[in-house]
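Worksheet for the structure shown next.
2 protein chains.
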Amino acid sequence: MAATLKDVALAAGVSIKTVSNVINDYQHIRADTKQRVMEAISELGYSPNLSARSLRSGRTGVIGLAVPELSLSYFAELADSIIKAAERRGLKVLIEQTGGDRAHELEILSSPRLQMTDGLLFSPLGMSNEDADHLNVSFPLVLLGERIFGGPTDHVTMSNVESARAATAHLLSKGCRRIAVVGAHEGEVIGSAGLRLRGYRQALEEAGVPFDPRLLGYTTLWHRSNGATSMRQLLESGVEFDAVFGLNDTLALGAMRVLQEAGRRIPDDVAVIGFDDLDEGRYSLPTLSTIDPGRDEIADTAVRVLQERITNREGNVPPREFEARFHVIERESSALPG
Amino acid sequence: MAATLKDVALAAGVSIKTVSNVINDYQHIRADTKQRVMEAISELGYSPNLSARSLRSGRTGVIGLAVPELSLSYFAELADSIIKAAERRGLKVLIEQTGGDRAHELEILSSPRLQMTDGLLFSPLGMSNEDADHLNVSFPLVLLGERIFGGPTDHVTMSNVESARAATAHLLSKGCRRIAVVGAHEGEVIGSAGLRLRGYRQALEEAGVPFDPRLLGYTTLWHRSNGATSMRQLLESGVEFDAVFGLNDTLALGAMRVLQEAGRRIPDDVAVIGFDDLDEGRYSLPTLSTIDPGRDEIADTAVRVLQERITNREGNVPPREFEARFHVIERESSALPG
DNA sequence: AGGCGAGTCTACAACGATGTAGGATGGCCG
DNA sequence: CGGCCATCCTACATCGTTGTAGACTCGCCT
Chain A
28 MAATLKDVAL
38 AAGVSIKTVS
48 NVINDYQHIR
58 ADTKQRVMEA
68 ISELGYSPNL
78 SARSLRSGRT
88 GVIGLAVPEL
98 SLSYFAELAD
108 SIIKAAERRG
118 LKVLIEQTGG
128 DRAHELEILS
138 SPRLQMTDGL
148 LFSPLGMSNE
158 DADHLNVSFP
168 LVLLGERIFG
178 GPTDHVTMSN
188 VESARAATAH
198 LLSKGCRRIA
208 VVGAHEGEVI
218 GSAGLRLRGY
228 RQALEEAGVP
238 FDPRLLGYTT
248 LWHRSNGATS
258 MRQLLESGVE
268 FDAVFGLNDT
278 LALGAMRVLQ
288 EAGRRIPDDV
298 AVIGFDDLDE
308 GRYSLPTLST
318 IDPGRDEIAD
328 TAVRVLQERI
338 TNREGNVPPR
348 EFEARFHVIE
358 RESSALPG
Chain B
28 MAATLKDVAL
38 AAGVSIKTVS
48 NVINDYQHIR
58 ADTKQRVMEA
68 ISELGYSPNL
78 SARSLRSGRT
88 GVIGLAVPEL
98 SLSYFAELAD
108 SIIKAAERRG
118 LKVLIEQTGG
128 DRAHELEILS
138 SPRLQMTDGL
148 LFSPLGMSNE
158 DADHLNVSFP
168 LVLLGERIFG
178 GPTDHVTMSN
188 VESARAATAH
198 LLSKGCRRIA
208 VVGAHEGEVI
218 GSAGLRLRGY
228 RQALEEAGVP
238 FDPRLLGYTT
248 LWHRSNGATS
258 MRQLLESGVE
268 FDAVFGLNDT
278 LALGAMRVLQ
288 EAGRRIPDDV
298 AVIGFDDLDE
308 GRYSLPTLST
318 IDPGRDEIAD
328 TAVRVLQERI
338 TNREGNVPPR
348 EFEARFHVIE
358 RESSALPG
């Protein structure tokens, strides 16, 4: 049986509360008392019972992270960054997988199991802007991702439009004029696809390059196979293009594979850029140019903001929006003379 | 403020304990009492305080999972499987990253923060068999991976030797006779590298193919870049080979990239097989043959066994070893006529 | 000398749930 | 009719911690 404050108090010949005070670094304790308590603690191998502590204090020191799936590399790397950021702030992370399913996401927002945590970092995929009301919850919540904007909570996201514009501008600067897109979503306005497509069109417009809807490859999911399928359809459609903007790296990698099978050289015949800066793109053949969306900054900001909300629960701070800084990363897949 | 049992009891006009009994499905409650309590519960939006419950019951319903890093795809996919397996059993998962660092791993085994969990699934990378004693801990612990065998706890692992033998035999069946290995560890006997290399040698021996140490590419880490570097060294050494066994998929993918840069055709000049069945290998060019080590089975077994140990803490069941079933998956990278 | 404040420590209640023991009711048996 | 059991419910203690209030000592000021 684990030792409790009571055991330590008995061993040190002081009251329970004094031991508690020692543990919590209370100022006014005589040096020798402190000494005796410390010895008793280490002798009994005492360590505080966190359930009791959180019952009393209302805090658990654990935050929840809800993501679609860890087997999607982007979310695995995001979770990695978030766990590290949380560790720096003395927090643990409990991960919940939603499968990107709207019903499951809504369920998590009302699940009592979340009481085990002090707050939630929430990255929905199935919910959309009309569901924003569901984010009105009684616990601290920080929203991630690009599915919902202007909701009732703090929101940490990447600069989708600007960075997609930069990615497109990068391809344009290499002399490409017919830039295909892989991963577009029919009629979407917000959401990663909608926003990035908007950046794409802005860049075209700025460069005076006409927009050709035939260059858009639609695909709902963003797995590798979808990138491959979408690219196959573009090739079959016969539309001409000299570059591909994969709306994420996974799509771009799938598309690259099909391009190579079809005998197109990258970057000579077709330049390619992705989005996310997955580790994988660093080792593909060719290595994949991409957008670094500032994942560590997103993780750090999200955890910091959530912790602020947890610490200062009644503060009437209105919801805030944060956008991480991004970078264009040029690798082999777009390394044209320029 | 969240409602408590007390509030519900007041609203329903019963005692606190009766409400508790309703919640815990106690048998002897009059139908109309139950009804009234249920109504009060839903009216007040009551949900139990898990800290209080776990203080009283000694259970949290959370298990810990310690892995090196989620940005390593294998561990991300393992975590995914484990979270799903835990969910099926009503458990939540708290993830801890060790960075594969021995000191950090040892620290986790003695950290009081683990009190927030009922038990731990532990996948060390820095610890070795000599550290087995450190696994003698006072909480339920299930060991994963291939760093420590014969330790004092239950252990769930893959059939490293057998499946590596099968992978090698697969290449041999395709007519390959000079099979290079990427990812070997100098002098290692157990550990993924040591075990898989043993399987490799067994298969050679069975086929009467001589073992040539010059075919071994050494590299401590198993990232993509290490596979690439190791392959580059093999090529520079001038040793001849007609196949490559990457001790994991990541290494194999890195090696494939270098082979292709060097103008070797896969599988025609060099057949390649990996190990892990990462999603990524399904979409590489060419697609990567590999070993499916039975990840879901590992996850499911690990969670089940841990839960048994949690439920039955004093049972004197001796430590058990579990090996998941594996499968050879042939894809393009080894698709020779055979 | 009396009073005041700072320093050190303790007793007790409280967080919200569950286990234990036992009280009240009613039906059934002998 | 008395006794017994099953059913239904309640009061109280308890898990291990922390917040509150206050006791006591000591030195210093007036």
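Protein chains in written order, with this note's numbering: chain A, 28 to 365; chain B, 28 to 365.
Using N, Cα and C, we set each Cβ at its ideal position, and we do this for glycine too.
Everything numeric in this text was worked out from a predicted model, so none of it was measured.
Three-state class that DSSP yields for residue i in the structure shown
i, result
"B/V297", "coil"
"B/E348", "strand"
"B/S138", "coil"
"B/Q124", "strand"
"B/Y245", "strand"
"A/M154", "coil"
"B/A36", "helix"
"B/V41", "coil"
"A/H55", "coil"
"B/G210", "strand"
"B/A270", "strand"
"A/V216", "coil"
"A/I356", "strand"
"A/K201", "coil"
"A/Y227", "helix"
"A/R63", "helix"
"A/R192", "helix"
"A/V164", "coil"
Proximity below 9 Å, CB of residue i to CB of residue j
i, j, result
"B/H354", "B/G321", "yes"
"A/T60", "A/D145", "no"
"B/V89", "B/S150", "no"
"A/G127", "A/N156", "no"
"A/E335", "A/R352", "no"
"A/I122", "B/I122", "yes"
"A/A230", "A/T195", "yes"
"A/E114", "B/Q142", "no"
"B/E233", "B/L224", "no"
"A/V330", "A/R347", "no"
"A/G183", "A/G226", "Residue identity differs from the one stated: residue 183 of chain A is Val in this sequence, not Gly. It is not a contact, given that the beta carbons lie outside the stated cut-off."
"A/S108", "B/E104", "no"
"A/G117", "A/H131", "no"
"B/T277", "B/L305", "yes"
"B/L168", "B/L136", "yes"
According to DSSP, residues forming a beta bridge with residue i
i, result
"A/Y310", "A/Y310 pairs with nothing; no bridge assigned."
"A/S316", "A/I300"
"A/I90", "A/V120 and A/G146"
"A/H182", "A/L170 and A/E348"
C-beta neighbour in chain B for residue i, strict 9 Å
i, result
"A/Y310", "yes"
"A/N76", "yes"
"A/S69", "no"
"A/T317", "no"
"A/V164", "no"
"A/A106", "yes"
"A/V120", "yes"
"A/T246", "no"
"A/G281", "yes"
"A/V297", "no"
"A/R284", "yes"
"A/L261", "no"
"A/A39", "no"
"A/Q229", "no"
"A/A334", "A quick correction: the sequence has Gln, not Ala, at residue 334 of chain A. With 9 Å as the cut-off, A/Q334 does not count as an interface residue toward chain B."
CB contact check: residue i to chain A, cutoff 9 Å
i, result
"B/S360", "no"
"B/R347", "no"
"B/I110", "yes"
"B/T87", "yes"
"B/E96", "yes"
"B/L82", "yes"
"B/Q54", "no"
**Prompt:** Touch check for the stretch 157-176 of chain A and the stretch 307-315 of chain A: three-plus C-beta pairs under 8 Å?
**Reply:** The answer is no - the stretch 307-315 of chain A does not touch the stretch 157-176 of chain A, with fewer than three Cβ pairs under 8 Å.
**Asked** At a cut of 8 Å, does the stretch 32-40 of chain B reach the stretch 60-78 of chain B through at least three beta carbon pairs?
**Response** Because the criterion of three Cβ pairs below 8 Å is met, the stretch 32-40 of chain B and the stretch 60-78 of chain B touch.
**Asked** Would you say the stretch 298-307 of chain A touches the stretch 77-90 of chain A, given that touching needs at least three Cβ pairs under 8 Å?
**Response** Counting Cβ pairs under 8 Å, fewer than three are found: no touch.
**Asked** Any chance the stretch 202-216 of chain B sits against the stretch 265-283 of chain B, with 3 or more Cβ pairs inside 8 Å?
**Response** Flag = yes, the stretch 202-216 of chain B and the stretch 265-283 of chain B touch.
**Request:** Taking 8 Å as the threshold, find out whether the stretch 280-293 of chain B comes into contact with the stretch 237-252 of chain B through three or more Cβ pairs.
**Result:** Touching, per the Cβ criterion.
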